[in-house]
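With the working numbering as the guide, the letters of the sequence shown map in order to residues 28 to 279. Even for Gly, the Cβ is constructed at its ideal location relative to N, Cα and C. Here's the structure we're looking at; comments come further down.
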Amino acid sequence: MSTKLSDSEQYLWNYIERNIIEIPNYSIAELSVEAAVSTATIVRTLKKKGYSGYADFKYKLKERRKLHEDFSQFDQEDEGIRFVITKNEQEVMRTLSMINIQKLEEAIRIITASRRLILFARGFSEMVAQEMMTKFQLTEKYCEFFTDPEIIKIMSKKLSPEDAVLFISLNGETPVLVNAAQNCQQHNIATLLLTTAGESTLAALSDVALVGFKSDGSFFPDYEVRSRLPLTILSRILLDSYALRKKETQKK
């Protein structure tokens with residue numbers, strides 16, 4: 028089964044992401060009515076997202092909910108602080124709920140098979156990439172990281188099909204990264220992406236895109252410093268999963 032969502036499936040998934048807190052309380056019939064889609068569309072969408080069905084999806088959502096702290100102690104505290112904490116909790120929870128296990132396994136397979144793993148990032152996403160490079164190197168994976176636009180442009184034209192590229196981009200539209208992804212595509216270089224923009228140009232150009240949730244608004248509206256928390260979560264899960272699979276392989 029193709030993992031690409033149809034228009035109706037994408038509409039449903041967008042609805043689920045917007046209402047992720049309430050979804051565990053819905054039966055599949057109730058979700059069908061609320062989202063105005065058929066139950067068949069619900070099942071088909073969730074299977075493409077890596078779940079066995081609606082019951083499996085609800086179970087995993089409820090399990091993740093158990094991991095979250097009860098913020099009731101803030102009831103009498105400053106509402107602004109409570110909002111800040113809840114906003115970050117929501118980014119964590121929704122990012123976890125959006126992780127596609129099949130795509131995660133495919134990303135691990137690509138990294139494992141590659142001769143070199145090259146990381147490209149710009150702006151505040153560079154901090155996520157820097158940590159990833161260090162940790163990949165600690166697993167003895169050959170990994171390099173580039174941020175300079177000219178070097179990214181040149182490197183993306185000189186890579187071989189034995190290499191793999193991991194892009195880290197919040198909005199998936201950074202021009203130099205889009206250009207690099209196009210170069211990789213032309214030269215049959217496997218590409219991975221960590222982003223919060225599943226419908227972005229970079230997501231369309233990448234072989235595997237791991238997508239997190241970005242909340243609306245920023246406490247620094249005059250600056251382009253949106254939270255990289257979703258990217259940090261995705262990078263941690265990818266790194267830990269890669270290290271786990273490598274250890275399992277070594278034990279065989």
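Phe172 is a Cβ neighbour of Ala156, given a cutoff of 8 Å. In the structure shown, the three-state DSSP call for Leu197 is coil. A direct Cα-Cα distance of roughly 30 Å separates Leu58 from Glu133. When Cβ pairs closer than 8 Å are counted between the two stretches, the segment 143-152 is seen not to touch the segment 121-133, the count staying below three. Distance from the CA atom of Ile216 to the CA atom of Tyr78, rounded to whole angstroms, is 29 Å. Secondary structure at Val64: coil, using DSSP grouped into helix, strand and coil. In this structure Val60 is exposed. Its beta-carbon is surrounded by fewer than 16 other beta-carbon atoms within 10 angstroms.
Out of Leu232, Lys274, Ile48, Ala67, the CA that lies nearest to the CA of Glu167 is found in Lys274. Per DSSP, reduced to three states, the secondary structure at Ile48 is coil, with no helix or strand assignment.
Just so you know, the alpha carbons of Glu200 and Asp83 end up roughly 33 Å apart. The beta-carbon separation of Met159 and Ser262, rounded to 5 Å, stays under the 8 Å limit for a contact. Put simply, the backbone Cα of Ile50 is about 22 Å away from that of Leu237.
For Ile145, the enclosing beta strand (DSSP E) begins and ends at 144-148.
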